[in-house]
Amino acid sequence: MNEDTAVEALQDERRQLKELLEEKEAILRKLNLAKSYKEKNDLAELDVLTEKWRSACQEAIRQLYDILPEPKPTITEMIDSWKISHKMIRYDKEEESFY
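Those letters in the sequence shown? Residues 437 to 535, by the numbering used here.
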């Protein structure tokens, strides 16, 4: 192996190691971000806030439905027209009620 080939091989290996290092640093950044988020955000509090949002959404839908002029669509039709997920707001379209 001549000197130029050895230098090229070392430069190639150095480039590969730099790429690997960059990949590992990116993974480490993501893991640290996830750890930080988990430490800062209490999942129990998130559940409470999610339920609070859901209740407010359900109440808003009820109030909007109550003030609609006749002839009113069904609540299901109204929710579907807004493309709101029934599951997300805990709405049973068979019973036409929230759960």
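Even for Gly, the Cβ is constructed at its ideal location relative to N, Cα and C. None of the values given here were measured: they were computed from a predicted structure.
- For Y535, no alpha helix (DSSP H) encloses it, and the DSSP letter there is neither H nor E.
- Within the segment 508–532, the runs of alpha helix (DSSP H) that reach at least 4 residues and sit entirely inside it are, in chain order, 511–517.
- DSSP, reduced to helix, strand and coil, places I463 within a helical segment of the structure shown.
- In this structure, T512 places its C-beta atom within 8 angstroms of the C-beta atom of E532.
- Its chain contains H522, F534 and Y535 as the residues whose beta carbon lies nearer than 8 angstroms to that of D528, once the 5 sequence neighbours on both sides are disregarded; these appear in chain order.
- With 16 or more neighbouring CB atoms inside 10 Å of its own CB, I515 falls in the buried class.
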